[in-house]
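Read top to bottom, the protein sequences are chains A and B.
Mind the numbering: the first sequence is residues -13 to 416 in my numbering, read in order.
Mind the numbering: the second sequence is residues -13 to 416 in my numbering, read in order.
Let me begin by presenting the structure, written as structure tokens, before commenting on it.
2 protein chains.
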Amino acid sequence: MRLRAGVVVTGTEVLTGRVADRNGPWLAEQLRAVGVDIGRLVVVGDRPDDLAAALRHLLPDHDLVLTSGGLGPTADDLTAQVVADVQGRPMRLDPALEGRIAAVVEALTRRHGWHGDPDAMAAGVRKQARVPDGAHVLEPVGTAPGLVVPPAPGRSGASVVVLPGPPSELRAMWPAVLAAPAVRDLLAGAEPLAEDTLRLWGALEADLAATLRRIEPGVADLEISTCLRDGELEIVTRYAPSAAPQLAVLRDAVRADFGPTLVSPDGAGVDDVVGAALVARGWSVATGESCTGGLLGARLTARPGSSAYVLGTVVAYADAVKTALLGVPAALLREHGAVSPPVAAALAEGARSRFGADVGIGVTGIAGPGGGTSDKPVGTVHLAVVSPTGTRARALRLPGGRDQVRHRTVVTALHELRLLLADAHVPARS
Amino acid sequence: MRLRAGVVVTGTEVLTGRVADRNGPWLAEQLRAVGVDIGRLVVVGDRPDDLAAALRHLLPDHDLVLTSGGLGPTADDLTAQVVADVQGRPMRLDPALEGRIAAVVEALTRRHGWHGDPDAMAAGVRKQARVPDGAHVLEPVGTAPGLVVPPAPGRSGASVVVLPGPPSELRAMWPAVLAAPAVRDLLAGAEPLAEDTLRLWGALEADLAATLRRIEPGVADLEISTCLRDGELEIVTRYAPSAAPQLAVLRDAVRADFGPTLVSPDGAGVDDVVGAALVARGWSVATGESCTGGLLGARLTARPGSSAYVLGTVVAYADAVKTALLGVPAALLREHGAVSPPVAAALAEGARSRFGADVGIGVTGIAGPGGGTSDKPVGTVHLAVVSPTGTRARALRLPGGRDQVRHRTVVTALHELRLLLADAHVPARS
């Protein structure tokens, strides 16, 4: 049996959907890496009864339960108290911890020049220094300490790991979680699962399902999940090291049936494939964007080290700007309209020449909600990529709203760039 | 007592964090609008035992439980069966439903030119037409019917609403959920809550907490939650119509204590405030970006109708490009370095003059992970906004990684633009 962890995320803003939870996915990934599956994840608001119910729900059939949030200095941050109650331990003040938190708060106050009420601050510090008796304290990264809380002596059951809500604090505390005795002992018997990802661009989910059915008996020990995202079909496989030969069966079958649609042989995503190919060729890239408004440039420069190959972007929303800044001939705009294949090509050429880049990408389209016509409805997008060794062009009719059209355009442009770079039979720089 | 609903989201890809759940937040918003709070939300993978445990966990203290996902044609889509078991109802084939699903599948097959195995298709249709005996069927939007499943006769407890996983199918089915007898009867007694949002920029969470404590007795019927996000402090209040006078107390107190930091009087976000102010003045805007790589332009153009006031962006990563495309003097770059207040101002002026815009925004900084020095560490950012009526400049030292630095820079730039527009005592266009 594999180890299973339950997760409780606290926060009304997450429960009501105003804020996306960033801790659950991160914890799932960290736990997988040390051989622990996530069983169930529960989101609760700020009511202590709901938190207690969630803990009591998860503790019986999980080997570890983790919580995030509810550790602030105010009275409505109740996670430590509720966990203590559920695990049957009284709360006590940890005076040494109180001193350490006070020092952190004092340093923060000085640094930011805050002028708070000293009594209120001292009360907040004391609240954060109250911990379940017998809990293992994880040193604060911000002002809130984390906790590992085993059941009270004489009780059996899983420990609860209590972590702060701010993702940066939670992440910085993770090494201390793994080093805590109760967690270390539990993980000693875990077998980490490896994870393998294959990404396809332009393959049908139904065809992939047929391939998986065909090879099923030979890959029974793999946990395979497939997922269509932004037009990319992801095949994520989790497997014990002993099942590596089955993974080879899967990879061979996917390569045989879907080779031309594989984004990379090693699971790398399109951003990394494109970045590495540009670096290998010593090529630079620039973009001329209309409907994406800079989103393609932002995506290209999101990758660390991208300054080695991204020269820049011109976003030209108005036609006059397309002509003035990217040299798109006014006659071309008049004749074909701004959203047309020749204008996409001219935007790409314009970006290439204005920035002196090797590769230019042009994007023009109608993201909506306004601006569509019967001839060119919302979602009509034209892309062009130009390079020293060839060009690619693409006409799209994308579904969805403004955000979705813009986002899907960026992903498609990256894949067009990837395919152009894959076709460019230029020797890598020596 | 207000009505409470529990939600179960199924899917290993959500549980492992590879895909963000879009149904839970949407359901929370719909339920709030009809007067139902979300109590707890549980995410489970594809194991039927976990789904059953989640349902048994939520049913006792919720008035309604909703599930999303697990209704597909394959044998591992088990939600209907598990819900039937938990509610104590046997499964039965609904022959009329089978005929309707078969017609949908046939139409889809024809339209897309699929060539599937007819026996496998028929088996899938029959699987999807098997429903808990006595359940109310919600007509399929895709191929999967939804269900409203009350407890078996003689049992008490909440009904379970079973919805498909694809967000478009789930959303299209929502009116039928509200019209289903069991749901309609439940909602007859519900009082819808209204929601109010106040946003502060540059206020301290601790100071806001002090204000809330001071007025607490007078706002006891409001559900107030505060949340710090991207440097903005959000105050979200949910309230019954009868508590509107208490909301006025809250708003007056926040205005009195935090007036200068209020982003808007009506809860509008910075994007809308900036857009409306630019339109009111008839001003256009252009950006000259370095470290944000186009992210500011993308954010400005994310708003529908932004083409009325956004002229464009130049992303100038390399120094030579800053000079060639935005006219940043080479001497300035040499003397102060690319990441400096004078270069931020020159980028803003350059964008303004090259695009012929009324307002120019310049951004330069070190997003990391490389490129930092002891003098200018990663997170050092300089912003400038120039306009016909004045300028604003800001020097930042932002924490976090590359994404966080870039994102926080964009939010800060939007607020600098907002503050400049608020200060610009120019009469609105008549």
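Yeah, the Cβ is synthetic: ideal placement off N, Cα and C, and Gly gets one too.
Interface residues of chain A facing residue i [CB-CB closer than 9 Å]
{"i": "glycine 356 of chain B", "result": "Pro290, Gly291 and Ser293"}
{"i": "aspartate 389 of chain B", "result": "Ala288"}
{"i": "glycine 336 of chain B", "result": "The premise fails here: glycine 336 of chain B is roughly 12 Å from chain A at the closest Cβ pair, so nothing lies under 9 Å."}
{"i": "valine 28 of chain B", "result": "Arg26, Leu27, Val28, Val29, Ala40 and His43"}
{"i": "valine 222 of chain B", "result": "Thr(-2), Glu(-1), Thr2 and Arg4"}
Per DSSP, the bridge partner or partners of residue i
{"i": "methionine 77 of chain A", "result": "A:Pro118"}
{"i": "valine 29 of chain B", "result": "A:Leu27 and B:Val(-5)"}
{"i": "glutamate 209 of chain B", "result": "B:Arg224"}
{"i": "arginine 320 of chain B", "result": "DSSP output for arginine 320 of chain B lists no bridge partner at all."}
{"i": "serine 339 of chain A", "result": "Answer is none; serine 339 of chain A lacks a bridge partner."}
{"i": "threonine 273 of chain B", "result": "B:Thr299 and B:Ile347"}
{"i": "leucine 214 of chain B", "result": "B:Leu219"}
{"i": "glycine 132 of chain B", "result": "B:Leu124"}
{"i": "leucine 248 of chain A", "result": "A:Leu186"}
{"i": "serine 145 of chain A", "result": "A:Leu50"}
{"i": "leucine -11 of chain A", "result": "A:Val22"}
Contacts around residue i, its chain only, beta-carbon distance under 8 Å, and the 5 residues preceding and following it disregarded
{"i": "tyrosine 295 of chain B", "result": "Gly261, Leu264, Val265, Trp269, Ser270 and Val271"}
{"i": "glycine 323 of chain B", "result": "Val329 and Lys362"}
{"i": "leucine 425 of chain B", "result": "A question about residue 425 of chain B goes unanswered here, because the residues of chain B that appear run from -13 up to 416."}
{"i": "alanine 421 of chain B", "result": "This structure gives no information on residue 421 of chain B, because the portion of chain B shown stretches from -13 to 416."}
Partners in chain B for residue i, counting only beta-carbon separations shorter than 7 Å
{"i": "arginine 340 of chain A", "result": "Leu311"}
{"i": "serine 154 of chain A", "result": "Gly386"}
{"i": "alanine 106 of chain A", "result": "Ala196"}
{"i": "threonine 60 of chain A", "result": "Ala195"}
{"i": "glycine 10 of chain A", "result": "Gly3"}
{"i": "valine 307 of chain A", "result": "Leu297, Gly298 and Phe341"}
Unbroken beta strand (DSSP E) run spanning residue i, endpoints
{"i": "histidine 48 of chain B", "result": "Neither: histidine 48 of chain B is in no beta strand (DSSP E) and is coded neither H nor E."}
{"i": "aspartate 182 of chain A", "result": "180 to 187"}
{"i": "leucine 219 of chain B", "result": "218 to 225"}
{"i": "valine 345 of chain A", "result": "345 to 351"}
{"i": "alanine 370 of chain B", "result": "366 to 373"}
{"i": "alanine 162 of chain B", "result": "Careful: alanine 162 of chain B lies outside any beta strand (DSSP E), inside the alpha helix (DSSP H) at 153 to 165."}
Own chain, CB closer than 7 Å to residue i, minus 5 neighbours either side, in chain order
{"i": "leucine 233 of chain A", "result": "Asp182, Leu208, Thr223 and Tyr225"}
{"i": "alanine 381 of chain B", "result": "Pro327 and His368"}
{"i": "tryptophan 160 of chain B", "result": "Gln16"}
{"i": "leucine 149 of chain B", "result": "Leu52, Thr53, Ser54, Gly132, Leu156 and Met159"}
{"i": "alanine 414 of chain A", "result": "Summary for alanine 414 of chain A: the model assigns pLDDT 46, below 50, so the residue's position carries little reliability; its value from the coordinates is reported in the next sentence. Taken in chain order, the residues that qualify are Ala266 and Arg267."}
{"i": "alanine 334 of chain B", "result": "Gly274, Gly346, Ile347, Gly348, Ala370, Val371 and Val372"}
Boundaries of the alpha helix (DSSP H) in which residue i is found, first to last residue
{"i": "aspartate 238 of chain A", "result": "230 to 244"}
{"i": "arginine 285 of chain B", "result": "281 to 286"}
{"i": "glycine 376 of chain B", "result": "That residue, glycine 376 of chain B, is in no alpha helix (DSSP H); its beta strand (DSSP E) goes 376 to 383."}
{"i": "leucine 312 of chain A", "result": "305 to 312"}
{"i": "glycine 261 of chain B", "result": "256 to 267"}
{"i": "glycine 10 of chain B", "result": "9 to 19"}
{"i": "aspartate 389 of chain B", "result": "388 to 409"}
{"i": "leucine 198 of chain B", "result": "191 to 201"}
Contacts of residue i in chain A (Cβ-Cβ under 7 Å)
{"i": "threonine -2 of chain B", "result": "Ser211"}
{"i": "histidine 43 of chain B", "result": "His43"}
{"i": "tyrosine 225 of chain B", "result": "Ordered by position in chain A, no residue passes the 7 Å Cβ test against tyrosine 225 of chain B, which lies about 14 Å from the chain."}
{"i": "alanine 502 of chain B", "result": "Since the first residue shown for chain B is -13 and the last is 416, residue 502 of chain B is missing from the structure and cannot be characterised."}
Closer than 8 Å at the beta carbon, the chain B residues around residue i
{"i": "aspartate 32 of chain A", "result": "Ser211"}
{"i": "glutamate 15 of chain A", "result": "Thr2 and Gly3"}
Expected contact under 8 Å - CB spacing of residue i and residue j to nearest Å
{"i": "glycine 346 of chain A", "j": "valine 372 of chain A", "result": "5 Å"}
{"i": "aspartate 305 of chain B", "j": "leucine 319 of chain B", "result": "5 Å"}
{"i": "glycine 419 of chain B", "j": "leucine 45 of chain B", "result": "Residue 419 of chain B lies beyond the range of chain B shown here (-13 to 416); nothing can be said about it."}
{"i": "alanine 379 of chain A", "j": "alanine 343 of chain A", "result": "With a Cβ gap of about 18 Å, alanine 379 of chain A and alanine 343 of chain A do not count as contacting."}
{"i": "glutamine 73 of chain A", "j": "valine 135 of chain A", "result": "5 Å"}
{"i": "glycine 279 of chain B", "j": "alanine 284 of chain A", "result": "5 Å"}
Sequence-distant residues of the same chain with beta carbon closer than 6 Å to residue i, five excluded per side
{"i": "serine 416 of chain A", "result": "In this prediction, serine 416 of chain A has a pLDDT of 41, which is less than 50 and means its spatial position is unreliable; what the coordinates show is noted afterwards. So no residue of the chain qualifies."}
{"i": "valine 68 of chain B", "result": "Pro34, Leu37 and Ala38"}
{"i": "alanine 239 of chain A", "result": "Thr197 and Ile201"}
Partners in chain B for residue i, counting only beta-carbon separations shorter than 9 Å
{"i": "glycine 47 of chain A", "result": "The amino acid at residue 47 of chain A is misidentified as glycine; the sequence shows aspartate. Asp35, Asp36 and Ala39, listed in chain order."}
{"i": "glycine 280 of chain A", "result": "Thr273, Glu275, Thr278, Gly279, Gly280, Leu281, Leu282, Gly283, Ala284, Arg285, Leu286, Thr287, Gly298, Thr299 and Val301"}
{"i": "aspartate 103 of chain A", "result": "Ala192 and Ala196"}
task = With 9 Å as the limit, tell me which residues of the segment 314 to 332 of chain B have their beta carbon closer than that to any beta carbon of chain C; keep them in chain order.
result = Included in the structure are the protein chains A and B, with no chain C among them.
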